[in-house]
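S.K.: Got a structure here, written out as structure tokens. Questions coming.
Protein chains in written order, with the working numbering: chain A, 120 to 235; chain B, 47 to 160.
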């Protein structure tokens, strides 16, 4: 079955430390990849996306992600986190199902907690 | 980009009643979706709202329980019918202009059924 796996449900980190949130997907066809952030009691906001071209994509708030086709991964990174980065992060991938229909599949989310 | 207005933002409802959630987009979009998000969990797609035709429901969701309308390219409603406490959740409206573009989200409707 098509799936998106976020390997860490919770990531605690100290302020100004680097962070990596991992995302793997299962697909053998071309995909579109997204990272969204959800701050407490708010909707989802796009951080960054990969559609084609350079495999390293930069997003808002200093985040970046690298698409690795051979490892079917799209890990999110930030070199130095801030308290305000505390939020839920969702990886989402547009995958093609057996009927050649494209569907957006969501990971279960990673809760990033930045501590002072 | 697109701005999505969703209302109500929250409601507390009696079991057995129904609630209709409205979703208004500030520009024409190709696709509109309704999601459910349990507290602290990921998004579960309820259905794709199709303009001028019946919505496409995901496994585990049926039209009788979650009737959806989409009369035009900028507006959709989701009704949660005959509610029970198990329907307590956040309901999110989403829209995009194609599967290779980003999805935009409303702020969500926090529903509590008592």
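For glycine and all other residues, C-beta sits at the position ideal for the given N, C-alpha and C.
Taking the continuous beta strand (DSSP E) assigned at residue 194/A, which residues delimit it?
M.R.: It spans 192-197 - the beta strand (DSSP E) in which residue 194/A sits, taken as one unbroken run.
S.K.: Are the CB atoms of residue 121/A and residue 228/A nearer to each other than 9 angstroms?
M.R.: Not closer than 9 angstroms, so no.
S.K.: Considering only DSSP beta bridges, list what residue 56/B is partnered with.
M.R.: Answer is 156/B.
S.K.: Quick check on DSSP: helix, strand or coil for residue 117/B?
M.R.: Strand.
S.K.: Going by C-alpha to C-alpha distance, which of 176/A, 154/A and 174/A sits closest to residue 166/A?
M.R.: Selected option, being the one with the closest Cα: 154/A.
S.K.: What residue does the beta strand (DSSP E) around residue 63/B start on, and which one ends it?
M.R.: First-last for residue 63/B: undefined, no H or E at that position.
S.K.: Are the C-beta atoms of residue 107/B and some chain A residue less than 9 angstroms apart?
M.R.: So, not an interface residue.
S.K.: Looking only at its own chain, which residues have a Cβ that is under 6 angstroms from the Cβ of residue 150/B, when we skip the five neighbours before and after it?
M.R.: These residues qualify, in order along the chain: 48, 50 and 141.
S.K.: Mind listing, in chain order, the continuous beta strand (DSSP E) runs of no fewer than 3 residues lying wholly within the stretch 130-165 of chain A?
M.R.: For the stretch 130-165 of chain A, whole beta strand (DSSP E) runs of length 3 or above, ordered along the chain, are 138-140, 142-145 and 151-157.
S.K.: DSSP state of residue 202/A, grouped into three classes?
M.R.: Note: residue 202/A maps to helix in three-state DSSP.
S.K.: Would residue 188/A pass as an interface residue toward chain B - the criterion being a Cβ-Cβ separation below 9 angstroms?
M.R.: Not closer than 9 angstroms to any Cβ of chain B, the Cβ of residue 188/A fails to qualify, so no.
S.K.: Closer than 9 angstroms, CB to CB, is residue 168/A near chain B or not?
M.R.: Chain B contact via Cβ: present.
S.K.: Between which two residues does the beta strand (DSSP E) carrying residue 142/B extend?
M.R.: Its beta strand (DSSP E) spans residues 135-142.
S.K.: Answer with buried or exposed for residue 60/B, where buried requires no fewer than 16 other C-beta atoms within 10 angstroms of its C-beta.
M.R.: Classification for residue 60/B: exposed.
S.K.: Would residue 123/A be called buried (16 or more neighbouring beta carbons within 10 Å of its own) or exposed?
M.R.: Buried, because 16 or more other Cβ atoms sit within 10 Å of the Cβ of residue 123/A.
S.K.: Hey, is residue 211/A's beta-carbon within less than 9 angstroms of any beta-carbon in chain D?
M.R.: No chain D is present in this structure, whose protein chains are A and B.
S.K.: Would you kindly check if the distance between the Cβ of residue 67/B and the Cβ of residue 125/B is under 9 angstroms?
M.R.: Cβ distance < 9 angstroms, so residue 125/B and residue 67/B count as in contact.
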